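Scroll down for the structure; my scribbles are underneath it.
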Amino acid sequence: MDRKERFSKIKHLYNRAGFGLSYLETEQLSRRNLAKVVDKLLEGPTIPDEIRIQSAEDNRRLLREQQELNARKDQNEAEKERKKAYLRLRNQKNQELNLAWIDKLIHTGYPLQEKMTLFWHGLFACRSETTYFAQQLNNVQRRYALGNFRTLLIEVARTPAMLQYLNNQQNRKGRPNENFARELMELFTLGRGNYTEQDIKESARAFTGWMYNRDWVFEFNEKVHDTGTKTFFGKTGRFNGEDIIDMILARPEAADFIAEKACRFFVSDQPQPAHIKEAGRRFYESGYDIKALMRHIFTADWFYAPENRGNKIKSPTELLVGLSRTFHARYADPKVLIRLQQNLGQYLFNPPNVAGWPGGRSWIDSSSLMLRMKIPSLVLNDGEIDFSGKADPEEEAVIAVSRAAVPSRGKRKSFVNAEVDWAAFTRDFPKDITPAELAAFLLQVQPAGKVMSMLADNKGLRSTAIEVASLPEYQLC
Amino acid sequence: MKRRDFLKNTALATAGAWMVPAFLKPLEALAMNDLSGYKNLVVIQLSGGNDGLNTVVPFGSDIYYQKRRSIAIKPEEVIRLDDMQGLNPNLAALQEIYDQGWMTIINSVGYPNPDRSHFRSMDIWQSGSDANQFLSTGWIGRYLDSNCQTCKFPYTAIEVDDALSLALKGKTKKGIAVRDPAALFRNTNEPFFKRIAQQEKEHLDEDNLGYLYKTMIETASSASYIQQNSKIYQAKAAYPASGFASQLKTVSRFICSGLQTRVYYVSMSGFDTHVNQPGQQGNLLKQYAEGMNVFLKDLQANNRLDDTLVLTFSEFGRRVEQNASNGTDHGTANNLFVFGGRLNRKGLFNAAPDLADLESGDLKYKVDFREVYATVLDKWLGAGSNQVLSRNFSTLDFI
Chain A
990 MDRKERFSKI KHLYNRAGFG LSYLETEQLS RRNLAKVVDK LLEGPTIPDE IRIQSAEDNR
1050 RLLREQQELN ARKDQNEAEK ERKKAYLRLR NQKNQELNLA WIDKLIHTGY PLQEKMTLFW
1110 HGLFACRSET TYFAQQLNNV QRRYALGNFR TLLIEVARTP AMLQYLNNQQ NRKGRPNENF
1170 ARELMELFTL GRGNYTEQDI KESARAFTGW MYNRDWVFEF NEKVHDTGTK TFFGKTGRFN
1230 GEDIIDMILA RPEAADFIAE KACRFFVSDQ PQPAHIKEAG RRFYESGYDI KALMRHIFTA
1290 DWFYAPENRG NKIKSPTELL VGLSRTFHAR YADPKVLIRL QQNLGQYLFN PPNVAGWPGG
1350 RSWIDSSSLM LRMKIPSLVL NDGEIDFSGK ADPEEEAVIA VSRAAVPSRG KRKSFVNAEV
1410 DWAAFTRDFP KDITPAELAA FLLQVQPAGK VMSMLADNKG LRSTAIEVAS LPEYQLC
Chain B
2 MKRRDFLKNT ALATAGAWMV PAFLKPLEAL AMNDLSGYKN LVVIQLSGGN DGLNTVVPFG
62 SDIYYQKRRS IAIKPEEVIR LDDMQGLNPN LAALQEIYDQ GWMTIINSVG YPNPDRSHFR
122 SMDIWQSGSD ANQFLSTGWI GRYLDSNCQT CKFPYTAIEV DDALSLALKG KTKKGIAVRD
182 PAALFRNTNE PFFKRIAQQE KEHLDEDNLG YLYKTMIETA SSASYIQQNS KIYQAKAAYP
242 ASGFASQLKT VSRFICSGLQ TRVYYVSMSG FDTHVNQPGQ QGNLLKQYAE GMNVFLKDLQ
302 ANNRLDDTLV LTFSEFGRRV EQNASNGTDH GTANNLFVFG GRLNRKGLFN AAPDLADLES
362 GDLKYKVDFR EVYATVLDKW LGAGSNQVLS RNFSTLDFI
């Protein structure tokens, strides 16, 4: 394999498995054996890397205070103010959590771990108004991002965020709530058509007692657990939740289901059934070892096939994080990143529903595309923001307490106020790189000749880079 | 290149020079005498869950006053519509509209197994799904997919906003978000974007890159279509100074200019009134009513009201019983307003919600919101609702 091809493979690998890699690092890695590069990529930190913007104690204190307040029959003015303050604080904390993750995504030394966390974030899609719960779920998804899928699944199912979101907290003996059992099979492991309504009913009973306690910590509650016999997938026994998960994972369809999701996320919007089957088999044989699945994908010939390069539309997160990494951007007021996420249609921690973000072409409409093409000039060239944006439905309560009325929708002119470290950006490239070479590196799909010659007309890396990042081609990875 | 220059220059002088492939060429705006009979739908979303019971007040019900000790609207303040129901006094500006026969109130609109989360319920309303179904397209988007005459152009459905809601996203076709036509036009006419778009006709393949280029060119061509054609009409009516009213003014300008747009989408925010509801909701309702009053009369003055149908909905209503903070928490079924110059059923469409017949403290729905959608699709937009909603819903007779 010639050097150019190895270079381009490493570039592709890091675009998909991470959020891009600098030119010089790409060059260094392309001298190494690809399998070894993949092995290195699969390594996570030895000490778990967590987001900790809210502590368990703070969370308990806040929730208690809230419970007490809500228990009052009538609130006096001071109490009403406390409630308003709580709503504002909650919103602020949720934004902080979002930004803490964005910061990690941009600056992590373990790009695949973060990319996998993003993958699980979309697969086990969940919203929680309680910052601590959302943070905890995110940390669980990060900790087991490249671990064993069974462990990940069980740990996710036991987070208060998921117990609340899919109503397992209300799932009790004699009064089953089927929400979790249904999504477990439909969205987390098997997909429609691989189970019956009866399977849902019976397995819901097995998950009774999976609850969090009065301190908001998971604790199996024997008192509400249904110990009776259940018939699931044709077998009868006194199954509990873990038995059900084992019976689901005993079916190769579950491995294929996750393999398909992974191929869609990392390889192509339309992955080849043969490749999915192959990756699914490997995953199944490994006993659901996520590393084994990802190693298989990243070392497969088809992963590097021309039709699988430069053909995926970047998610808003990939676009924002990739751009910030490549250009060493820092944001004076990172809240602007929240506005961008909302307007681009991927507000982390706020998926549209439990099915996650549909991805692919659904990211693109007139407005989101125009904004995407404008972002480079906003971030890299102090461009003016001429949109006010749309609130997430969950923020309505804060809107309602924060102002007397809807503000006039006039133009609020503002800037992103990003600081771009151009010196660092330039250092990432060889000194003699030409505009055309820079464009070829920043893009995964080569633009047509005329655009190329327009880009090549530029003087200097900086103006070339801004133009390149503003192209439709830059939306692909 | 100078800092701050790039992508900020405007090129109004050379506007319209896009090389638009013939199949993407926009239609002309309708001439004034062709305008008559061109039906428009305007959807207004009240985000946050508007409290329907304090909007259309069941002042004839004792239960209402028992459950809402401190936030109920007093009987003497209600604008009476019949012996049972009346409007919140902040909706005074709607009385004239109501009396003209331009307004219908449909009570108890909802869906089975209601979800009390904002985003999920909004998702259900916008996609037109069942409570346990997850669709990644919206009901208006699927109307665009169904190949109506002008559906290939994004401006067939315009959202007056910066970002496009799920409601307007179809599988293959999407509407366009335009808050300010001039700004969108400027953005798509950045010299840099124009240059790349002009050169890239060969990229219009079926792959993702082709999709991006096609979207870019369609956006530009829709932006110049909207900008050029909406210059024709300048609103004479005096709209109030609220953000909501200015969105309505934009819609009126588009409708009266003869844009070949079928659906307009507008939203208004801030209805999630958990604390101190009366003042907050009162303000919003006042803005809403005053904006609507001017908007509808503006359309009437331009002979467009007969061809316009306006729906106003919110993702859910609120609990019957107030909370401890002088507010209300998330509920279920709600009322929905229909406006237009040619309504078949005017005034109160159905009975007030039965406050004695609740389900865990919440109203039971009587009309599925998709029956309202089906009615609009079949009887107003002339599209097959069973295709768009992927099943048959009965239609109602308000139009």
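Those protein sequences? They're chains A and B, same order as listed. For the first sequence, the numbering used here assigns the number 1466 to the last residue and increments by one with no breaks. For the second sequence, the numbering used here assigns the number 400 to the last residue and increments by one with no breaks. Cβ coordinates follow ideal geometry from the N, Cα and C atoms, glycine included. These numbers were taken from a predicted model, which means no experiment stands behind them.
Task: Residue span of the beta strand (DSSP E) that contains L47(B), given as start and end - done: Here residue 47(B) is taken as the residue at index 46 of the second sequence, counted from 1. Taken as a continuous stretch (DSSP letters only), the beta strand (DSSP E) holding L47(B) covers 41-47.
Task: V1395(A), buried or exposed, once every other Cβ within 10 Å from all chains shown has been counted against 16 - done: On the first sequence, residue 1395(A) is found 406 positions in, with the first residue counted as 1. With a pLDDT of 44 at V1395(A), under the threshold of 50, the modelled position of this residue cannot be trusted, and the question is left open.
- [ ] Take the Cβ of G1098(A) as the centre, count every other Cβ of all protein chains shown within 10 Å, and call the residue buried at 16 or more, exposed below.
- [x] Here the question's residue 1098(A) lines up with position 109 in the first sequence. The residue is exposed, with fewer than 16 neighbouring Cβ atoms inside 10 Å.
Task: Residue span of the alpha helix (DSSP H) that contains L1329(A), given as start and end - done: Within the first sequence, residue 1329(A) is the residue found at index 340, counting from 1. L1329(A) -> alpha helix (DSSP H) spans 1324-1333.
Task: Contact list for the segment 143-158 of chain B against chain A, Cβ threshold 7 Å - done: P155
Open item on the list: Any beta carbon from chain B within less than 9 Å of A1321(A)'s own beta carbon?
Closed with: As a working mapping, residue 1321(A) is identified with position 332 in the first sequence. For A1321(A), the answer is no, since every Cβ of chain B falls outside 9 Å of its Cβ.
- [ ] Could you tell me which of G171(B), F120(B), A164(B) sits nearest to S137(B), measuring between CA atoms?
- [x] On the second sequence, position 136 is the one that residue 137(B) refers to. When each option's Cα is compared against that of S137(B), the closest is G171(B).
Task: Chain-order list of residues whose beta-carbon lies under 8 Å from that of N1157(A) (same chain, five-residue window excluded) - done: The residue given as residue 1157(A) occupies position 168 in the first sequence. Taken in chain order, the residues that qualify are A1146, M1151, N1166, N1168, F1169, F1196, W1199, M1200.
Open item on the list: For a contact defined as C-beta to C-beta under 8 Å, what are the partners of N190(B) on chain A?
Closed with: Taking the first residue of the second sequence as position 1, residue 190(B) is located at position 189. By Cβ distance, chain A contributes nothing, its closest Cβ being about 11 Å from N190(B), past 8 Å.
- [ ] Quick one: list the residues of chain A neighbouring S253(B), beta-carbon separation under 7 Å, in chain order.
- [x] For the purposes of this step, residue 253(B) is identified with residue 252 of the second sequence, where counting begins at 1. Per Cβ cutoff of 7 Å: no residues; S253(B) is ~16 Å from chain A at best.
TODO: Hey, could you find the ends of the beta strand (DSSP E) Y1201(A) is sitting in?
DONE: Locating residue 1201(A) in the first sequence gives position 212, counting from the first residue. Segment 1199-1201, the beta strand (DSSP E) holding Y1201(A).
Task: Interface partners of Q1102(A) on chain B, CB under 7 Å - done: Here residue 1102(A) is taken as the residue at index 113 of the first sequence, counted from 1. Neighbours of Q1102(A) on chain B: none; closest Cβ ~27 Å, over 7 Å.
Task: L1329(A) and P1347(A) closer than 9 Å at C-beta - done: Here residue 1329(A) refers to the residue found at position 340 of the first sequence. Here residue 1347(A) refers to the residue found at position 358 of the first sequence. Not closer than 9 Å, so no.
TODO: Confirm, please, whether the CB-CB distance from Q1464(A) to L260(B) is below 9 Å.
DONE: Here residue 260(B) is taken as the residue at index 259 of the second sequence, counted from 1. Here residue 1464(A) is taken as the residue at index 475 of the first sequence, counted from 1. Taking 9 Å as the Cβ cut-off, L260(B) and Q1464(A) do not qualify as a contacting pair.
Task: Buried/exposed call for K1433(A), threshold 16 Cβ in 10 Å - done: Residue 1433(A) sits at position 444 when you count from the first residue of the first sequence. Residue identity differs from the one stated: residue 1433(A) is Gln in this sequence, not Lys. Buried: at least 16 other Cβ atoms inside 10 Å.
- [ ] Starting from the Cα of E1118(A), find the closest Cα among G1345(A), Y1154(A), E1103(A) and give me that residue.
- [x] Locating residue 1118(A) in the first sequence gives position 129, where the first residue counts as 1. The residue with the shortest Cα to Cα distance from E1118(A) is Y1154(A).
Open item on the list: Measuring only the C-alpha atoms, how far is E1408(A) from T1315(A)?
Closed with: Against the first sequence, residue 1408(A) aligns to sequence position 419. Against the first sequence, residue 1315(A) aligns to sequence position 326. About 13 Å.
- [ ] Take A1344(A) and list the residues in its own chain whose beta-carbon comes closer than 8 Å to its own, dropping the five residues that flank it on each side.
- [x] For the purposes of this step, residue 1344(A) is identified with residue 355 of the first sequence, where counting begins at 1. Cβ within range, chain order: A1114, L1176.
Open item on the list: So Q229(B) contacts chain A; which residues on that side make the cut at Cβ distance below 8 Å?
Closed with: Sequence index remark: in the second sequence, residue 229(B) carries index 228 (1-based). Correct list: empty, because the minimum Cβ distance to chain A is about 17 Å.
TODO: Put S1452(A) into one of helix, strand or coil per three-state DSSP.
DONE: Working through the first sequence from its first residue, we reach residue 1452(A) at position 463. Note: S1452(A) maps to helix in three-state DSSP.
Task: Whole-number beta carbon distance between V267(B) and I141(B), since they are thought to touch under 8 Å - done: The residue you call residue 141(B) lines up with position 140 of the second sequence. The residue you call residue 267(B) lines up with position 266 of the second sequence. Not really, about 13 Å apart at Cβ, beyond 8 Å.
Open item on the list: At the level of alpha carbons, what is the spacing between G211(B) and C1252(A)?
Closed with: Taking the second sequence and counting its residues from 1, the one referred to as residue 211(B) is at position 210. Taking the first sequence and counting its residues from 1, the one referred to as residue 1252(A) is at position 263. About 22 Å.
Task: is_contact[P1260(A), chain B] using C-beta, thresh 9 Å - done: On the first sequence, position 271 is the one that residue 1260(A) refers to. By this cut-off, P1260(A) is not an interface position.
TODO: Give every residue of the same chain whose Cβ lies closer than 6 Å to the Cβ of F24(B), excluding the five residues on either side of it in the sequence, and list them in chain order.
DONE: Here the question's residue 24(B) lines up with position 23 in the second sequence. Because F24(B) sits at a pLDDT of 47, beneath the cut-off of 50, its placement in the model cannot be relied upon, and the following sentence gives the value as read from the coordinates. Within the same chain, F24(B) has no close Cβ partners at all.
Open item on the list: Going by DSSP, what residue range makes up the beta strand (DSSP E) through A1407(A)?
Closed with: Here residue 1407(A) refers to the residue found at position 418 of the first sequence. Where A1407(A) is concerned, the enclosing beta strand (DSSP E) stretches over 1407-1409.
Open item on the list: Taking its Cβ as the centre, do 16 or more other Cβ atoms sit within 10 Å of V21(B), making it buried, or is it exposed?
Closed with: By one-based count along the second sequence, residue 21(B) stands at place 20. In this prediction, V21(B) has a pLDDT of 48, which is less than 50 and means its spatial position is unreliable; what the coordinates show is noted afterwards. Its Cβ being crowded by 16 or more others within 10 Å, V21(B) is buried.
Task: Test: R392(B) CB closer than 9 Å to a CB of chain A - done: Here residue 392(B) refers to the residue found at position 391 of the second sequence. Chain A contact via Cβ: absent.
Task: Q1084(A) versus A1239(A), T1140(A), Q1124(A), residue with shortest Cα-Cα distance - done: As a first step, residue 1084(A) is located in the first sequence; it is residue number 95 there, counting from the start. With distances taken between Cα atoms, Q1084(A) lies closest to Q1124(A).
Task: C-alpha distance - F370(B) paired with S1275(A), whole-angstrom precision - done: The residue you call residue 370(B) lines up with position 369 of the second sequence. The residue you call residue 1275(A) lines up with position 286 of the first sequence. The alpha-carbon atoms of F370(B) and S1275(A) are separated by roughly 48 Å.
TODO: In the DSSP assignment, find the unbroken beta strand (DSSP E) run with A302(B) in it and report its ends.
DONE: What you label residue 302(B) is simply residue 301 of the second sequence in a count that begins at 1. From DSSP, A302(B) is part of no beta strand (DSSP E) but of the alpha helix (DSSP H) over 278-302.
Task: Through-space distance from F154(B) to C257(B), alpha-carbon basis - done: In the second sequence, the residue the question calls residue 257(B) occupies position 256. In the second sequence, the residue the question calls residue 154(B) occupies position 153. Computed Cα separation, rounded: 19 Å.
Open item on the list: Does the CB of I1327(A) have a neighbour CB from chain B at under 9 Å?
Closed with: Against the first sequence, residue 1327(A) aligns to sequence position 338. Taking Cβ atoms only, chain B never reaches closer than 9 Å to I1327(A), which makes this a no.
Task: Contact list for F1354(A) against chain B, beta-carbon separation under 9 Å - done: For the purposes of this step, residue 1354(A) is taken as residue 365 along the first sequence, with counting starting at 1. Checking the sequence, you will find Asp at residue 1354(A) rather than Phe. Chain B residues near D1354(A): P155, A164, L165, L169, K170, K175, G176, I177, A178, T216, T220.
TODO: Please determine, among L306(B), L349(B), D358(B), the residue with the shortest C-alpha to C-alpha distance to G341(B).
DONE: In the second sequence, the residue the question calls residue 341(B) occupies position 340. That would be L306(B), whose Cα lies nearest to the Cα of G341(B).
- [ ] Sort F394(B), V57(B), D358(B), A357(B) by Cα distance to A375(B) and report the nearest one.
- [x] What you label residue 375(B) is simply residue 374 of the second sequence in a count that begins at 1. Checked all of F394(B), V57(B), D358(B), A357(B); the closest Cα to A375(B) is F394(B).
Open item on the list: Helix, strand or coil for T313(B)? Go by DSSP, reduced to three states.
Closed with: For the purposes of this step, residue 313(B) is identified with residue 312 of the second sequence, where counting begins at 1. Correct three-state label for T313(B): strand.
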